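In this note's numbering, the protein residues as written are 27 to 204.
Just so it is clear, CB atoms sit at the ideal spot from N, CA and C, and this is done for glycine as well.
Since we're looking at a predicted model, the values are computed, not measured.
Heads up, the thing below is written out as structure tokens.
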Ligand SMILES: [Zn+2]
């Protein structure tokens, strides 16, 4: 069943699916998954709504006084700003525009929410992997534990305890009978 995607795969591809950037075949697989998976479908709706809001705002910009040259610069540098690729001077410029221009502020908030959503689904996938990974390590350690312990300390304790008892009993018997 190679055309059935897992929830992790769908999560990873969802933003591309929402933006219609996937091949027809892949989009179709995702559509099939979404029809049968409520949790992925909910994520899909969230992303779709966010994208629609983003589009609405962009459409409103056409006759908005804030849609000026400064705002164009802001939009141009926005993804570099989010990815921490700007120098200090450019960073401050972006922040100043975001404070003074409501359009820019909205964009920044939207992109952060979007990033957070992507990040949380990514983190979830990563954590699942991490859990599996640590589980494996623990299993391996336990396995090695058993292998390495040629002499169990409890066994040593029991043997010495009985040896001691035997000595004491032997001592008492020898005192009583000889
Ligand atoms: Zn799913």
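In terms of alpha-carbon separation, which member of 129, 96, 132 lies closest to residue 119? 96
Check whether the stretch 114 to 128 touches the stretch 50 to 61, taking contact to mean three or more Cβ pairs, one atom from each stretch, closer than 8 Å. no
Work out the CA separation of residue 100 and residue 122 for me, nearest whole Å. 10 Å
Quick one: give me the first and last residue of the alpha helix (DSSP H) that residue 103 is part of. Residues 95 to 108.
How many Å lie between residue 158 and residue 149 at the Cα? 14 Å
Alpha carbons only, please: which of 104, 47, 43 is nearest the one belonging to residue 135? 104
When you compare the CB positions of residue 73 and residue 44, do they come within less than 7 Å of one another, or not? A distance below 7 Å separates the beta carbons of residue 73 and residue 44.
Within its chain, find whatever has a CB closer than 6 Å to the CB of residue 147; leave out the 5 residues flanking it on each side and keep chain order. 37
Apply the 10 Å Cβ neighbour rule to residue 124 and answer buried if 16 or more other Cβ atoms are within range, or exposed otherwise. buried
Which first and last residues belong to the alpha helix (DSSP H) in which residue 66 is found? DSSP places residue 66 inside the alpha helix (DSSP H), whose first and last residues are 64 to 86.
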